[in-house]
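*Asks:*
Number of protein chains: 2
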Amino acid sequence: MVNTSVDTEKKILEAAKRVFLVKGLSGARMQEIADEAGINKSLLHYYFRSKQQLFKAIFEEIFSHFFPALISIFNNNEPLELKISMIVDQYIDEFGNKGYVPLFLINEIYQNPELVSSLSGKMDKMVHSEFMKELQEGIQSGKYVEVSPMQLLSNILSLCIFPILAQPMLKSVFQIGNEEYNKFLEERKKLIPEMILKNLIK
Amino acid sequence: MVNTSVDTEKKILEAAKRVFLVKGLSGARMQEIADEAGINKSLLHYYFRSKQQLFKAIFEEIFSHFFPALISIFNNNEPLELKISMIVDQYIDEFGNKGYVPLFLINEIYQNPELVSSLSGKMDKMVHSEFMKELQEGIQSGKYVEVSPMQLLSNILSLCIFPILAQPMLKSVFQIGNEEYNKFLEERKKLIPEMILKNLIK
DNA sequence: ATGTAGTTTAACCATTTGGTCAAATTTAGG
DNA sequence: CCTAAATTTGACCAAATGGTTAAACTACAT
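Which chain is which? The protein sequence lines are L and R, in order. Be aware that the first sequence starts at 10, since it is given in this note's numbering, and climbs by one per residue. Be aware that the second sequence starts at 10, since it is given in this note's numbering, and climbs by one per residue.
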């Protein structure tokens, strides 16, 4: 029966992820993380010296998962048009009912932008991906309208993620429940790529 | 020299607004608000019984300002095409360097959706505005593509607000500074209405 | 079995935090 | 001026919070 350090560390990380994601750095409590992991609070400090360090471990895990999902699509063999649909599907499926994940990232980075600077290596892969090459080639060949990659990527991410962040607000404003909201998101899987492509293809 | 209750209350509200907007409910400290207002901490509890009540006062002020800006544009005399441009300009100008305002709203509503339910009256005006009438008429007359108002409004708000929320992240990913970021936002004032209209007009 | 290193726990600690209260100060009316 | 009410303050409190420490427990090699 191996129920030792590796196991405990994993339990802590999973518990901490759950709590930090929902409550954020300032809202999370070490005691709550310990309870969630079913261990003594001191153990948290035994494995991770401080709240800050535990948080950093979690943040980097979440952050490191968020963009690679994009990057792997950015670098696959499909044509750019399909890549866009894949990104939209991916984000809506993955975060449609987990808006707290992108919200967590936006929040913590907004409060403390340095969090990212140490991880900037991961970004380069995105800026220099197949997606970007294909885009630039398409622009030069006259297939695509001239558009800055930053604007295009912002448009895609905005249309996918914002309605997920604003889910409770949208539900209130338009007086709808979960069922209708999910239909709304499903509609967007078609709507967003159409919109992006209609503005990209000459 | 009238330097009495009215004055103090205003000082408190302004200080609380500054602190709550940036730190959020859980991150804000009553002592910090008191210092910011230049008064004793006990006074906060004299004017507003608890942190919760002070927060509620601030939240409602922020929230009540956020949508009416939209609503007044929604109900003016300009044609729908121009209304859209006005909304985009309004939000980018107002929140371009104050992303913490929409972020504050999204956050606090996400954590506590009931915050909005008491204010739902304000929303009706938006759903039943001139904008929506014009949209529906345009759709019926065949001028506009058939699109749900919720999708359209989500698209507009997404494209305006998300890049403002994600400002620090975008700056990191694309390795740009304030100057270039502001140019990016200015570009969007043209880009967004073009994009919305190209997808709306048949 | 036994000693040792690694792991886990309970008991504490110092600081922070939202909140209370009685005393002090200011304001305004008679 | 005097007084009563409203306003403001400093001292204080209990609970919560991140963190420490020494003791207890476990695994395991000898």
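Don't be surprised by glycine CBs; every beta carbon is placed ideally from N, CA and C.
In the region 165–187 of chain R, which residues sit with their C-beta less than 7 Å from some C-beta in chain L, listed in chain order?
*Replies:* Of all residues in the region 165–187 of chain R, L166, S167, L168, I170, F171, P172, L174, A175, P177, M178, L179, S181, V182, F183 have a Cβ within less than 7 Å of some Cβ in chain L.
*Asks:* Starting from the beta carbon of R/N49, find every residue of chain L whose beta carbon is closer than 7 Å, and list them in chain order.
*Replies:* The residue labelled residue 49 of chain R in the question sits at position 40 within the second sequence. Neighbours of R/N49 on chain L: none; closest Cβ ~25 Å, over 7 Å.
*Asks:* For L/Q164, count the other beta carbons within 10 Å of its own beta carbon; 16 or more makes it buried, fewer makes it exposed. Which is it?
*Replies:* Numbered from its first residue, the first sequence carries residue 164 of chain L at position 155. Reading off the sequence shown, one finds Asn at residue 164 of chain L, where the question assumed Gln. It is buried - the Cβ of L/N164 has at least 16 other Cβ atoms within 10 Å.
*Asks:* Which chain L residues are close to R/F193, counting only those with a beta carbon under 9 Å from its beta carbon?
*Replies:* Indexing the second sequence from 1 puts residue 193 of chain R at position 184. The contacting residues are S157, M159, Q160, S163.
*Asks:* Does the separation of the CB atoms of R/G108 and R/L194 fall below 7 Å?
*Replies:* Taking the first residue of the second sequence as 1, we reach residue 108 of chain R at position 99. Taking the first residue of the second sequence as 1, we reach residue 194 of chain R at position 185. No, these two residues do not count as a Cβ contact at 7 Å.
*Asks:* Whose CA, out of R/Q145, R/P158, R/H74, lies closest to the CA of L/F183?
*Replies:* For the purposes of this step, residue 183 of chain L is identified with residue 174 of the first sequence, where counting begins at 1. Cα-wise, what sits closest to L/F183 is R/P158.
*Asks:* Report the three-state DSSP secondary structure of L/I48 (helix, strand or coil).
*Replies:* Numbered from 1 along the first sequence, position 39 holds the residue referred to as residue 48 of chain L. Coil.
*Asks:* Cβ of L/P212 less than 7 Å from any chain R Cβ?
*Replies:* Residue coverage of chain L in this structure runs from 10 to 211, which leaves residue 212 of chain L outside it and unanswerable.
*Asks:* Identify whether R/I210 lies in helix, strand or coil by the three-state DSSP scheme.
*Replies:* By 1-based counting over the second sequence, the position of residue 210 of chain R is 201. Strand.
*Asks:* Give the straight-line distance between the Cα atoms of L/Q120 and R/K32, rounded to the nearest whole angstrom.
*Replies:* Residue 120 of chain L sits at position 111 when you count from the first residue of the first sequence. Residue 32 of chain R sits at position 23 when you count from the first residue of the second sequence. Cα to Cα, the separation comes out at about 8 Å.
*Asks:* What is the C-beta distance between R/F83 and R/M135, in whole angstroms, given that I count them as a contact (C-beta under 8 Å)?
*Replies:* For the purposes of this step, residue 83 of chain R is identified with residue 74 of the second sequence, where counting begins at 1. For the purposes of this step, residue 135 of chain R is identified with residue 126 of the second sequence, where counting begins at 1. Right, the Cβ-Cβ distance comes to about 6 Å (below 8 Å), so this counts as a contact.
*Asks:* List, from N- to C-terminal side, the beta strand (DSSP E) runs of 3 residues or more that fit wholly inside the region 123–202 of chain R.
*Replies:* Counting whole runs of 3 or more residues, the region 123–202 of chain R contains no beta strand (DSSP E) stretch at all.
*Asks:* Name the residue from R/V125, R/F29, R/Y100, R/I48 whose alpha carbon lies nearest to the alpha carbon of R/S73.
*Replies:* As a working mapping, residue 73 of chain R is identified with position 64 in the second sequence. Checked all of R/V125, R/F29, R/Y100, R/I48; the closest Cα to R/S73 is R/V125.
*Asks:* Can you check whether the CB of R/S51 is closer than 7 Å to the CB of L/F171?
*Replies:* On the first sequence, residue 171 of chain L is found 162 positions in, with the first residue counted as 1. On the second sequence, residue 51 of chain R is found 42 positions in, with the first residue counted as 1. It is not a contact, given that the beta carbons lie outside the stated cut-off.
*Asks:* Please list, in chain order, the chain R residues whose beta carbon lies closer than 8 Å to that of L/N116.
*Replies:* Here residue 116 of chain L is taken as the residue at index 107 of the first sequence, counted from 1. Simply L112, N116.
*Asks:* So, L/K198 versus L/V110, is the Cβ gap smaller than 7 Å?
*Replies:* Numbered from its first residue, the first sequence carries residue 198 of chain L at position 189. Numbered from its first residue, the first sequence carries residue 110 of chain L at position 101. Contact flag unset, no.
*Asks:* Comparing alpha-carbon positions, which option in L/E103, L/P122, L/I210, L/P202 lies nearest L/L91?
*Replies:* One-based indexing of the first sequence puts residue 91 of chain L at position 82. The residue with the shortest Cα to Cα distance from L/L91 is L/P202.
*Asks:* Cβ closer than 9 Å: which chain L residues qualify as neighbours of R/N208?
*Replies:* Taking the second sequence and counting its residues from 1, the one referred to as residue 208 of chain R is at position 199. Within chain L, the residues near R/N208 are L200, E203, M204, K207, N208.
*Asks:* So, for L/G147: in the same chain, excluding its five sequence neighbours on each side, which residues have a beta-carbon less than 6 Å away from its beta-carbon?
*Replies:* Taking the first sequence and counting its residues from 1, one reaches residue 147 of chain L at position 138. The residues are Y153.
*Asks:* Alpha carbon to alpha carbon, how far is R/L89 from R/Q145?
*Replies:* Residue numbering aside, residue 89 of chain R sits at position 80 when the second sequence is read from its first letter. Residue numbering aside, residue 145 of chain R sits at position 136 when the second sequence is read from its first letter. So the alpha carbons of these two residues sit roughly 11 Å apart.
*Asks:* Which value, in whole angstroms, describes the spacing of the CA atoms of L/E103 and R/S129?
*Replies:* One-based indexing of the first sequence puts residue 103 of chain L at position 94. One-based indexing of the second sequence puts residue 129 of chain R at position 120. One C-alpha to the other measures close to 30 Å.
*Asks:* Is there at least one Cβ from chain R nearer than 7 Å to L/S73's Cβ?
*Replies:* Position 64 of the first sequence holds residue 73 of chain L. No, its Cβ sits nowhere closer than 7 Å to a Cβ of chain R.
*Asks:* Compare the C-beta of L/G36 with all C-beta atoms of chain R and state if any pair is closer than 7 Å.
*Replies:* As a first step, residue 36 of chain L is located in the first sequence; it is residue number 27 there, counting from the start. L/G36 counts as touching chain R.
*Asks:* In whole angstroms, what separates the C-alpha of R/R27 from that of R/R38?
*Replies:* Within the second sequence, numbered from 1, the residue matching residue 27 of chain R stands at position 18. Within the second sequence, numbered from 1, the residue matching residue 38 of chain R stands at position 29. Looking at the two C-alpha atoms, the distance is approximately 12 Å.
*Asks:* Using three-state DSSP, classify L/N86 as helix, strand or coil.
*Replies:* Looking up residue 86 of chain L in the first sequence gives position 77. Note: L/N86 maps to coil in three-state DSSP.
*Asks:* For R/D16, which of helix, strand or coil comes out of DSSP?
*Replies:* Stepping through the second sequence from its first residue, residue 16 of chain R is reached at position 7. Note: R/D16 maps to helix in three-state DSSP.
*Asks:* Rounded to whole angstroms, what is the Cα-Cα separation between R/H137 and L/Q40?
*Replies:* Numbered from 1 along the second sequence, position 128 holds the residue referred to as residue 137 of chain R. Numbered from 1 along the first sequence, position 31 holds the residue referred to as residue 40 of chain L. When rounded, the distance between both Cα atoms is 48 Å.
*Asks:* Excluding the five sequence neighbours on either side, which residues of its own chain have a C-beta within less than 6 Å of the C-beta of R/F113, listed in chain order?
*Replies:* Residue 113 of chain R sits at position 104 when you count from the first residue of the second sequence. L30, listed in sequence order.
*Asks:* Which residues of chain R have a Cβ atom closer than 9 Å to the Cβ of L/S126, listed in chain order?
*Replies:* Locating residue 126 of chain L in the first sequence gives position 117, where the first residue counts as 1. Correct list: S181.
*Asks:* Would you mind sorting R/A78 into buried or exposed? The rule is 16 or more other CB atoms within 10 Å of its CB.
*Replies:* One-based indexing of the second sequence puts residue 78 of chain R at position 69. So R/A78 counts as exposed.
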